[in-house]
Amino acid sequence: MSALAFLPKTEFDRLLACAMAWEDRLSLVARMCRLNALFSIKHAGSGHPGSVLSALDIVTYLYFRRLNVKEAGLIHPGRDIYFSSKGHDVPAQYSVLYALGLIPEEKFLRLRRRGGLDGHPNVENPGMEANSGSLGMGISKARGMAFGKKQAGLGGRVLVMVGDGELQEGQNFEALQSAVQQGVHNLTVIVDHNKLQSERLVDQVVSLGNLEDKVRAFGWHVERANGHDFASLENAMDACERVNDRPRFLLCDTVKGKGISFMEHPLALEQNQGSYPWHAGAPGDEIYQRAFAELLAPIEEDWKKFGLGKPQLRSVEKGTISPALEREVVAAAWGQSLARLGETNEKLLVLDADLSQDCRLKEFETRFPNRFVECGIAEQDMVSMAAGLAHQGFLPVVHSFGSFLASRANEQIYNALSEGRKMVFACHYSGLLPAGPGKSHQSVRDISLFGALPNCEILQAANAEEMRQVADYALAKSRESCMVRINMGASPRNVALPAGYRLQKGKGAVLTRGEEYALLAYGPVMLHGALSAEELLRDTFPLKVVNMPWLNRFDTDWLETEFHHCKRLFVLEDHSVFGGLGDSLAPVLMEHSKLHKIRLHKFGLEEYPAFGTAEEVLEYHRLDGKSLARRILEKVRERA
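Now the structure itself:
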């Protein structure tokens with residue numbers, strides 16, 4: 303499949319100019335936006351099709367029927383404000399804004415690419431009112447927006463979309479209480495209640511119980527609607543807007559994957575042994591063609607029915623996807639090691655935050671179901687529960703994405719480790735890549751946050767074999783708590799370590815030889831960049847490239863042996879330059895009598911991370927092999 307097709311803005315204009323009942327118009331617009339949203343995910347090579355399809359009818363209804371954004375514009379102080387807290391449904395919003403002419407085509411065609419649209423909401427893009435982050439922030443942000451409008455005497459409604467699984471985050475309930483207490487009555491919360499989390503039913507993870515009664519108990523006005531029926535949405539919204547003495551809560555029953563039969567719940571669950579397969583990722587070519595045809599057929603039928611002829615599709619070349627040799631094997635090695643070590647340690651318990659597939663926990667969960675604890679979307683609660691398990695003599699191994707676990711639960715981690723009991727934290731998706739989802743998912747502060755804890759070792763593996771050794775150390779040998787960084791970005795090479803290499807505390811592995819200039823890096827992606835730079839500089843001077851799996855523990859004898867002849871030492875980070883490996887290493891070098899004269903240079907992030915493909919983002923931050931070679935050469939040529 304070399305080309306993909308979408309419906310251009312001109313076809314929406316033709317439709318909107320045709321006389322028909324508003325329900326028929328919205329139904330057809332929604333189908334067209336559904337097709338375009340699926341196209342954009344496929345073109346990007348990644349996304350969240352299930353959630354996009356469940357939310358799309360609601361978003362279409364709001365923009366085409368309720369919000370004043372088209373008339374008032376995107377910056378008018380009295381505009382209606384809508385944003386999604388769950389965030390990964392944003393291609394639905396993009397497709398609707400494109401249909402309205404509020405997002406230019408050149409941006410719409412570049413989802414998850416530099417110069418285009420972030421994989422999660424970002425205020426730098428048209429129509430985005432708030433950045434997404436860890437789930438659970440949206441109601442609080444919306445409450446602030448609504449309170450601000452009230453204080454400033456501005457008109458316009460504030461509406462926020464949340465997911466049902468997202469309501470497991472405790473911050474939501476803090477916000478629900480405060481909105482009533484503070485008299486924020488110009489606020490509407492809309493729940494995309496598709497009853498599925500990333501892959502399992504909400505009720506199987508952490509049930510929300512009777513959500514309507516819970517929210518009413520906080521003092522909210524509650525309505526319920528069919529989120530795929532425009533008449534039902536109209537009635538519920540009318541009822542909400544008749545209420546002006548309290549905030550409104552609209553529970554919309556939806557279907558994850560709506561519009562594509564084999565992606566819809568419950569069929570998709572039945573066909574995949576109870577696991578939903580369409581939460582994340584772009585469908586393969588054959589599946590995409592089936593889905594596209596299923597979406598296009600009723601659109602063409604309706605166009606013919608209303609005398610519009612046949613909609614004209616526009617074709618673009620399919621985007622290329624980065625190679626990912628190391629993305630799967632390193633993470634898989636962690637999951638396999640958990641299961642292996644679980645055989646010999648009955649005290650080992652694995653905790654998860656609704657990411658068991660991404661965190662490669664299925665094997666452990668299958669083999670030891672009584673020692674697998676699904677905590678849902680609630681990292682703070684999960685970490686404190688783990689502290690309680692450690693109190694009872696268990697070894698809790700806590701899993702989530704690094705950007706959520708290290709930062710959202712930072713106070714809980716600090717508190718837990720201050721009690722002196724061993725815990726292990728697995729921070730998946732750590733580092734700059736993958737960058738398509740945007741800054742909410744790019745974990746570039748985790749080393750600094752864990753590094754501030756005096757009794758926590760931080761490690762990251764270069765390849766699958768080293769990951770197995772890291773797992774053995776963290777789970778079976780170390781007496782301290784450990785944080786294991788697990789990189790999920792695409793690396794075009796398998797990093798080869800020296801024959802017979804064994805992980806030793808505080809020591810790295812020399813990959814290429816050199817005396818005066820050395821480059822330390824960690825993880826498969828950064829090591830690929832380091833080795834690429836060495837290959838480009840080889841004819842100019844030898845560069846010692848070192849894999850450094852220890853990010854905050856160093857063997858000073860080893861450092862002296864390897865670097866005492868070194869003039870300049872470069873450290874390559876997929877993390878902020880503040881608080882990363884370089885900052886951990888600097889005081890050790892300064893205090894060593896034979897190493898303190900080494901010039902240390904840190905290459906990493908000094909700004910918020912960019913989004914896009916791996917190649918685009920590494921080049922943008924000058925962390926790709928070619929950029930590194932130029933930067934190293936510039937430093938070498940500087941006067942000492």
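In the working numbering, the protein residues as written are 303 to 942. Glycine included, every Cβ here is placed at the ideal spot set by N, Cα and C. Given the structure is predicted, the values throughout are model-derived calculations rather than measurements.
Buried versus exposed call for residue i [16 or more other C-beta atoms within 10 Å across all chains shown]
| i | result |
| --- | --- |
| Trp324 | exposed |
| Phe843 | exposed |
| Met892 | exposed |
| Gln470 | buried |
| Asn424 | buried |
| Cys320 | exposed |
| Pro625 | Per-residue confidence for Pro625 stands at a pLDDT of 48, beneath the threshold of 50, marking its modelled position as unreliable; the derived number appears in the next sentence. By the 10 Å Cβ count, Pro625 comes out exposed. |
| Tyr819 | buried |
| Asp587 | exposed |
| Gly438 | buried |
| Lys344 | buried |
| Thr646 | exposed |
| Thr863 | exposed |
| Glu628 | With a pLDDT of 44 at Glu628, under the threshold of 50, the modelled position of this residue cannot be trusted, and the question is left open. |
| Asn712 | buried |
| Asn717 | exposed |
| Pro800 | exposed |
Through-space distance from residue j to residue i, alpha-carbon basis
| i | j | result |
| --- | --- | --- |
| Val786 | Asp315 | 52 Å |
| Pro851 | Ala823 | 8 Å |
| Leu887 | Ala931 | 22 Å |
| Ile383 | Met447 | 8 Å |
| Ser434 | Pro671 | 33 Å |
| Ala527 | Ala832 | 55 Å |
| Asn849 | Gly810 | 5 Å |
| Glu603 | Lys612 | 9 Å |
| Lys846 | Arg459 | 60 Å |
| Asp885 | Gln453 | 44 Å |
| Gly592 | Lys372 | Just to set this straight, residue 592 is Arg in the shown sequence, not Gly. If I take the Cα positions, the gap works out to 34 Å. |
| Arg662 | Gly455 | 51 Å |
| Leu489 | Arg550 | 6 Å |
| Asp774 | Lys620 | 42 Å |
| Arg616 | Val873 | 47 Å |
| Leu853 | Leu553 | 46 Å |
| Gly704 | Asp547 | 41 Å |
| Asp505 | Glu921 | 44 Å |
| Gly583 | Val545 | 40 Å |
| Tyr400 | Lys741 | 23 Å |
| Thr746 | Gly753 | Going by the sequence as given, residue 746 is Val instead of Thr. Those two C-alpha atoms are separated by around 13 Å. |
| Phe674 | Asp540 | 45 Å |
| Trp605 | Lys311 | 15 Å |
| Glu572 | Ala346 | 28 Å |
| Asp857 | Gln806 | 9 Å |
| His693 | Val508 | 24 Å |
| Arg939 | Arg933 | 10 Å |
| Phe865 | Ile900 | 9 Å |
For residue j and residue i, believed in contact at Cβ under 8 Å, the rounded distance
| i | j | result |
| --- | --- | --- |
| Ala394 | Ala444 | That pair is no contact at about 18 Å. |
| Asp494 | Gly472 | That belief does not hold up - the Cβ atoms of Asp494 and Gly472 are roughly 20 Å apart, past 8 Å. |
| Asn796 | Gln762 | That pair is no contact at about 16 Å. |
| Ser949 | Val462 | Since the first residue shown for the chain is 303 and the last is 942, residue 949 is missing from the structure and cannot be characterised. |
| Gly352 | Tyr590 | Between Tyr590 and Gly352 the Cβ distance is about 14 Å, and since that is not below 8 Å, they are no contact. |
| Val945 | Ser793 | Residue 945 lies beyond the residue range present for the chain, which begins at 303 and ends at 942; the question has no answer from this structure. |
| Glu759 | Ser732 | That belief does not hold up - the Cβ atoms of Glu759 and Ser732 are roughly 15 Å apart, past 8 Å. |
| Gly644 | Arg669 | 7 Å |
| Ala708 | Cys729 | 6 Å |
| Leu309 | Leu337 | 6 Å |
| Asn765 | Val557 | Rounded, the Cβ-Cβ distance is 41 Å, inconsistent with contact. |
| Glu665 | Ala641 | 4 Å |
Residues sharing a beta bridge with residue i, DSSP
| i | result |
| --- | --- |
| Phe872 | Leu821 and His903 |
| His866 | The partner list for His866 (beta bridge, DSSP) is empty, contrary to what the question assumes. |
| Thr490 | Leu461 and Arg550 |
| Leu761 | Val786 and Trp852 |
| Gly733 | Ser745 |
| Thr814 | Val847 |
| Ser878 | Leu907 |
| Val699 | Val652 and Val726 |
| Ala305 | Glu619 |
Proximity test, residue i beta-carbon vs the ligand GTP heavy atom, cut-off 6 Å
| i | result |
| --- | --- |
| Ile749 | Only the bare structure without any ligand can be found here, which leaves the ligand GTP out of the picture. |
Discussion item. Just to confirm the assignment: which complete beta strand (DSSP E) runs, minimum length 3, are found wholly within the segment 834-860?
Written reply: Here the runs fully enclosed are 846-849.
Threshold first: 3 residues or longer. Then list the beta strand (DSSP E) segments lying entirely within the segment 362-402, N to C. Unbroken beta strand (DSSP E) stretches of 3 residues or longer found wholly inside the segment 362-402: 383-386, given in chain order.
(message) Which complete alpha helix (DSSP H) runs does the segment 491-538 hold, if anything under 4 residues is left out?
(response) Listed in chain order, they are 504-507 and 513-519.
- Query: Which residue spans inside the segment 636-683 form an unbroken alpha helix (DSSP H) run of at least 4?
  - Reply: 664-669, all fully within the segment 636-683.
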